[in-house]
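Report on the structure given below.
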Amino acid sequence: MSTFDGQQVSRRRFVQAATGTGIAGLAGCVGGLTGGGGGEAPLSVAYMPIYPDMQHFVMDQQGYYDELPVPVEAELFSDGPSIVQAYAKGDYDVALFGVVPAMIIADKTGFAKVTGANIEEAMLIMASDEFAGLYEEHGGDAFAKFEQEKGRKFTFGTFPPGSVPDILLRYWLDSELGLDPESDVNIKSLGGAGPVRQALVAGKIDGTSIMEPVPTIVQSKGAGYQNIAWAGDFMSGQPAAVTMMHDRLRNDRPGLAKDFLRQHRKATEFIDANPGKAAEDAATVIGEDVLPVDIARQAMESKGANFISNPHRIESGAKIFAEYAARLGKTEQELGVSDIFDYSLYDEVANE
2 MSTFDGQQVS RRRFVQAATG TGIAGLAGCV GGLTGGGGGE APLSVAYMPI YPDMQHFVMD
62 QQGYYDELPV PVEAELFSDG PSIVQAYAKG DYDVALFGVV PAMIIADKTG FAKVTGANIE
122 EAMLIMASDE FAGLYEEHGG DAFAKFEQEK GRKFTFGTFP PGSVPDILLR YWLDSELGLD
182 PESDVNIKSL GGAGPVRQAL VAGKIDGTSI MEPVPTIVQS KGAGYQNIAW AGDFMSGQPA
242 AVTMMHDRLR NDRPGLAKDF LRQHRKATEF IDANPGKAAE DAATVIGEDV LPVDIARQAM
302 ESKGANFISN PHRIESGAKI FAEYAARLGK TEQELGVSDI FDYSLYDEVA NE
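The end of the sequence shown is residue 353 by this note's numbering, with every number in the run present.
See the structure below:
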């Protein structure tokens, strides 16, 4: 969605850029490498310009990062693989990204764990209006009927294999509908949310597995697609984006780690109480040319806009994702709960 990977600017320049040119302000950050003149080292945060990272947008725009005892340096990454590659080098304290990339990090490095959740039950399955009617009448059998009528298999276009949208789609097809994701449909990797949105608007795919705000954007353009399934109906606590922390933050600077989680919880409370303003914050950071404010507000009314901070809420879904991640070769082993999560910091903050 962006070409600004690795770019960093000061908070003052970030606000100016976000106000003046929208997406140019995506990579806003605070402070310098010395922590403002030789003080404690700044907190480095890696994030993606996706709705499930809503807490980052709010913390930045509402000044919650300013309440931390050190400067924050936030860096934008446009997709999961790039953020995994950078985070695996150990250059970042915190990452806000998908649960599967987080599992890959935990599996390959062992130096970071998930300490918070950003959202649950975020994924929506979309299909063309024509197929939606067929699905409503025939359920899972609609895919075979589609193939009979069209002479080809139904094509889903979504994120790369092993991503959150991809695994959720495979689970739905397999566990809910009794279909084989490899033979009963085509699943096409399109990259990130931008290419998926473009393919939907152009009518080049039959459906997708995606998170907001893409469904709202596509429907606002009258592209002829609708939601036919929601993760909350078949996977309680479905994980999506999470907050991961490096061991050097969790173990060596636990006070700062807990301060971050306090601001994260504060941001979640703000989102719940002020969804319209939170949507404005998302549009400002992502860029109003990409995400207009009115669309951002509409997306907050979606079933998929379930913002949380409590990592316990996504544990059951994370177990399912860990199984699929191992099956698809994204992790060398099937990770257990203790391999993925560190609940201790969140629990301390929640029980204050």
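C-beta: ideal position from N, C-alpha, C; glycine also. This one's a predicted model, so the numbers in the text were calculated from it and none came from an experiment.
For residue i, count the other beta carbons within 10 Å of its own beta carbon; 16 or more makes it buried, fewer makes it exposed. Which is it?
i	result
Asp-290	exposed
Gly-208	buried
Pro-43	buried
Asp-348	exposed
His-139	exposed
Pro-162	exposed
Ser-210	buried
Asn-352	exposed
Lys-114	buried
Ala-25	Bear in mind that a pLDDT of 31 at Ala-25, under 50, signals an unreliable position, so the number given afterwards is only what the model happens to contain. Classification of Ala-25: buried, given that the 10 Å Cβ count is 16 or more.
Gly-288	buried
Lys-298	The sequence given here places Arg at residue 298; Lys does not occur at that position. By the 10 Å Cβ count, Arg-298 comes out buried.
Ala-28	Here Ala-28 scores only 35 on pLDDT, less than 50, and its place in the model should not be relied on; the value that follows carries that caveat. Flag for Ala-28 reads buried.
Asp-94	buried
Arg-153	exposed
Gly-193	buried
Glu-213	buried
Glu-74	buried
Ser-129	buried
Gly-337	exposed
Ser-164	buried
Asp-253	exposed
To the nearest angstrom, how far is it from the Cα of residue i to the Cα of residue j?
i	j	result
Ile-218	Ala-203	13 Å
Pro-276	Val-100	24 Å
Lys-181	Ile-106	Note that residue 181 is Asp in the sequence shown, not Lys. Taking the straight line from one Cα to the other gives about 29 Å.
Glu-76	Leu-174	35 Å
Glu-121	Arg-314	8 Å
Met-236	Ala-242	15 Å
Leu-178	Phe-157	15 Å
Glu-281	Gly-64	14 Å
Ser-83	Lys-222	30 Å
Arg-251	Gly-91	13 Å
Trp-231	Tyr-172	12 Å
Gln-149	Asp-185	12 Å
Ile-229	Phe-147	15 Å
Ala-87	Val-46	11 Å
Phe-112	Ala-96	13 Å
Gln-227	Gly-256	45 Å
Gly-81	Ala-118	16 Å
Ala-327	Glu-335	5 Å
Lys-278	Pro-216	20 Å
Asp-61	Gly-238	26 Å
Tyr-66	Val-286	14 Å
Ala-145	Leu-125	21 Å
By the three-class DSSP mapping on this structure, what secondary structure does residue i have?
i	result
Met-55	helix
Ser-210	strand
Ile-229	strand
Met-127	strand
Met-104	helix
Tyr-93	coil
Val-85	helix
Lys-151	helix
Ser-1	This structure leaves residue 1 out entirely; the chain is present only between 2 and 353.
Ser-221	helix
Pro-240	strand
Check the Cβ-Cβ distances between residue i and every residue of chain D, and say whether any is below 8 Å.
i	result
Gln-334	Considering every chain present, this structure includes no chain D. It has just one protein chain.
Compare the Cα-Cα distances from residue i to each of the options and report the closest residue.
i	options	result
Glu-41	Asp-54, Val-71 and Tyr-65	Val-71
Ala-103	Ala-230, Ala-200 and Phe-342	Phe-342
Glu-68	Phe-322, Gly-337 and His-265	His-265
Asp-234	Asp-130, Ala-123, Thr-244 and Asn-311	Ala-123
Ala-274	Ser-176, Asp-340 and Ile-309	Ile-309
Lys-189	Tyr-93, Ile-206 and His-247	Ile-206
Pro-339	Ala-327, Val-350, Arg-153 and Lys-320	Going by the sequence as given, residue 339 is Ser instead of Pro. When each option's Cα is compared against that of Ser-339, the closest is Lys-320.
His-57	Gly-337, Gly-141, Ala-300 and Thr-269	Thr-269
Phe-132	Gly-225, Gly-337 and Leu-346	Gly-225
Phe-78	Gly-141, Ala-89, Tyr-48 and Asp-61	Tyr-48
Ala-258	Lys-109, Tyr-344 and Pro-216	Tyr-344
At least 3 beta-carbon pairs within less than 8 Å: the stretch 158 to 178 vs the stretch 323 to 342: With a cut-off of 8 Å, the stretch 323 to 342 and the stretch 158 to 178 count as touching, because enough Cβ pairs lie within range.
With three or more beta-carbon pairs closer than 8 Å as the criterion, would you say the stretch 45 to 59 touches the stretch 294 to 311? At 8 Å Cβ cutoff, the stretches touch.
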